[in-house]
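Read the structure below first, then the notes.
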Amino acid sequence: MSPNRRPPAPTGNLLYAQSGGVTAVINATAAGVIEAARGQGVKVYAARNGILGALREELIDTSKESAAAISALRHTPGGAFGSCRYKLKSLEDNRAEYARLIDVFSAHDIRWFLYNGGNDSADTALKISQLGEAMGYDIRCIGVPKTVDNDLAVTDCCPGFGSVAKYTAISTLEASLDVASMAETSTKVFILEVMGRHAGWIAAAAGLAGEGEDEPPHIILFPENTFDEAAFLAKVKATVERVGWCTVVASEGVRNAAGQFLAEAGTRDAFGHAQLGGVAPVLAALVKEKLGYKYHWALPDYLQRSARNMASKTDANQAYAVGKAAVEYALAGMNAVMPVITRTSDAPYRWKIEPAALDQIANREKKMPADFLTLDGFGITAAARRYLAPLIQGEAHPPHGRNGLPKYGRLKNTAVAKKLPAFKH
């Protein structure tokens, strides 16, 4: 028997939790989990605010929700049960937290734990997957992929990325049409800053907005490349002189030759990541000072990851599929695995879900391949287009009400009665 597979647990409940920054489709994954579990007669609890809810014994009974309410999660953005940024230390460094998790699992007969998140969440899921053997409790843990950054190893793409990629490409195209209209007497340079601390996948997606040299975005700045001020300014100047205006898309994680983020704010989040203060205004000030061009810059921030009305149908379908597969893997006795997306064909685009070991995913980061970047470092290649284009295909608009706004789902989130003393951490 595989070390990642144990005999299925005969009875018990399943706990699902969301982690890290949410996406336009993470709730579709939740729907996949809950609907698949209901189909097998398994009760699903959800942890309020991610792993913190498990530690605090703040659990939600999803069996109190109607089938229609759970189905509505498929087109509802945000995190229906709340999320958090909280990194568990090792068992050796903080045994009390792990003991608390075991106490909570035991008190509520939780035998399967599904943790839905990105790189740091995969690390948490891996640690919890090792609890059964280390602490004598029969628990199986499945990591469920989610991150707009698209930087999880092994999986071809990450649920959440396709929708933010679509948002970015469309926003780049539409804003560029605006800039082109006013360039004669107004803005010459438009800078769009997108998420991506270490990997430039989201910025790369902007490249889908146009293909020719004179089509936007004219410049993409990737964290994989060292920022070259002279080359950047020369490219901006040449583009404005040739086209009349210039659109720049920049990853938040662009670094200088010293390895410093251009937008370093000097603070760190709960996972220890540097908090970035905004690369777009830094670049805009540089353009104004060195070239004298009028500029505008935009920071979509949460808008890019919450724009469910602009979601990719491909992304929404994959998000649901990994949730469904996670339940199937858990009930089959698997442990310490993640359902990943495997691409089987580019044209026509085909994919399937397969299990991958968490220790091959946790604490690893997938960056843009060198052959996805043009020689000058300011654009994407045909290979990148072949990879990216299928991920933004299809529309998955939510239903709309008479007021013209989307009808998003709302859950009751009925609390499960606590059985343990409060935990301080």
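The sequence shown begins at 536 in the numbering used here and counts up one residue at a time.
Glycine included, every Cβ here is placed at the ideal spot set by N, Cα and C.
Model, not experiment: these values are computed from the prediction.
> Leaving out the 5 sequence neighbours to the left and right, which residues in its chain are closer than 8 Å to R885 when beta-carbon positions are compared?
Replying inline: By 1-based counting over the sequence shown, the position of residue 885 is 350. Around R885, the same chain offers R878, T879 as residues with beta carbons nearer than 8 Å, after the five sequence neighbours per side are excluded.
>> Let me make sure I understand the geometry here. Which of T722, L712, R937 has the alpha-carbon closest to that of H831?
In response: For the purposes of this step, residue 831 is taken as residue 296 along the sequence shown, with counting starting at 1. Cα-wise, what sits closest to H831 is T722.
> Where does A905 land, buried or exposed, given buried means 16+ other C-beta within 10 angstroms?
Replying inline: Walking along the sequence shown from the start, residue 905 turns up at place 370. Counting Cβ neighbours within 10 Å, A905 comes out exposed, since fewer than 16 surround it.
> Going by DSSP, which residues form a beta bridge with V784?
Replying inline: Residue 784 sits at position 249 when you count from the first residue of the sequence shown. DSSP output for V784 lists L727, I755 as bridge partner(s).
> Would you call the segment 836-843 and the segment 675-682 in contact, with 3 or more CB pairs under 8 Å?
Replying inline: Cβ pair count under 8 Å is below three, so no.
>> Suppose you measure from the CA of L623 to the CA of I663; what does that come to, to the nearest Å?
In response: Walking along the sequence shown from the start, residue 623 turns up at place 88. Walking along the sequence shown from the start, residue 663 turns up at place 128. Take the alpha-carbon of L623 and the one of I663: they are about 9 Å apart.
> Leaving out the 5 sequence neighbours to the left and right, which residues in its chain are closer than 7 Å to G944 when beta-carbon positions are compared?
Replying inline: As a first step, residue 944 is located in the sequence shown; it is residue number 409 there, counting from the start. These residues qualify, in order along the chain: A604, A607, L608, T611.
> Between which two residues does the beta strand (DSSP E) harbouring D713 extend?
Replying inline: Walking along the sequence shown from the start, residue 713 turns up at place 178. Element bounds for D713: not the beta strand (DSSP E) but the alpha helix (DSSP H), 696-717.
>> If contacts are defined as beta-carbon pairs under 8 Å, then A589 and L626 qualify, I think. What distance do you get, rounded to the angstrom?
In response: Mapped onto the sequence shown, residue 589 falls at position 54. Mapped onto the sequence shown, residue 626 falls at position 91. Rounded to the nearest angstrom, the Cβ distance from A589 to L626 is 16 Å, too far for a contact under 8 Å.
> Nearest to D658 by alpha carbon, out of L926, G914, R899, G929?
Replying inline: Within the sequence shown, numbered from 1, the residue matching residue 658 stands at position 123. R899 is the residue among L926, G914, R899, G929 whose C-alpha sits nearest the C-alpha of D658.
> CB-CB under 7 Å to E930, same chain, minus the five flanking residues each way: which ones, in chain order?
Replying inline: The residue given as residue 930 occupies position 395 in the sequence shown. For E930, where only same-chain residues beyond five positions count, the Cβ hits under 7 Å are K848.
> How about F648 and C676: are their beta carbons less than 8 Å apart?
Replying inline: Translated into the one-based positions of the sequence shown, residue 648 becomes position 113. Translated into the one-based positions of the sequence shown, residue 676 becomes position 141. Closer than 8 Å, so yes.
> By a C-beta neighbour count over all protein chains shown, 10 Å radius and 16 as the cutoff for buried, is L594 buried or exposed?
Replying inline: What you label residue 594 is simply residue 59 of the sequence shown in a count that begins at 1. Per the 10 Å Cβ criterion, buried.
> Roughly how far, in whole angstroms, is the beta-carbon of A833 from the beta-carbon of A700, given that I think they are within contact range, below 8 Å?
Replying inline: Along the sequence shown, one-based indexing puts residue 833 at 298. Along the sequence shown, one-based indexing puts residue 700 at 165. No, A833 and A700 are not in contact; Cβ-Cβ is about 17 Å, not under 8 Å.
> Run through DSSP, which three-state label would V683 get?
Replying inline: Position 148 of the sequence shown, counted from the first residue, corresponds to residue 683. Three-state DSSP puts V683 in coil, outside helix and strand.
> Which residues mark the beginning and the end of the beta strand (DSSP E) in which I888 is found?
Replying inline: Counting from one through the sequence shown, the residue named residue 888 turns up at place 353. Note, I888: beta strand (DSSP E), 885-892.
> Skipping 5 residues on each side, what residues in its chain have a beta carbon closer than 8 Å to that of L955?
Replying inline: Here residue 955 refers to the residue found at position 420 of the sequence shown. Shown here for L955: same chain residues with a beta carbon closer than 8 Å to its own, the five before and five after excluded, namely E592, D638, V639, A642 in chain order.
> Mind checking whether C619 and L587 have CB atoms under 8 Å apart?
Replying inline: For this step, residue 619 is matched to residue 84 along the sequence shown. For this step, residue 587 is matched to residue 52 along the sequence shown. Annotated as proximal: C619 and L587, with beta-carbon spacing under 8 Å.
> What three-state label does DSSP hand Y855 in the structure shown?
Replying inline: Here residue 855 refers to the residue found at position 320 when the sequence shown is read from its first residue. Looking at Y855 - three-state DSSP - the assignment turns out to be helix.
>> On a Cα-Cα basis, can you pick out the residue from R937, D881, N654 that is closest to I896?
In response: To locate residue 896, count along the sequence shown from 1; it is residue 361. Among R937, D881, N654, the Cα nearest to that of I896 is on N654.
>> Quick check on the burial criterion: 16 or more other C-beta atoms within 10 angstroms. Buried or exposed for R646?
In response: For the purposes of this step, residue 646 is taken as the residue at position 111 of the sequence shown. Buried, because 16 or more other Cβ atoms sit within 10 Å of the Cβ of R646.
>> I'd like to check one pair, P694 with V862: are the Cβ atoms closer than 8 Å?
In response: Residue 862 sits at position 327 when you count from the first residue of the sequence shown. Residue 694 sits at position 159 when you count from the first residue of the sequence shown. The Cβ-Cβ distance between V862 and P694 does not fall below 8 Å.
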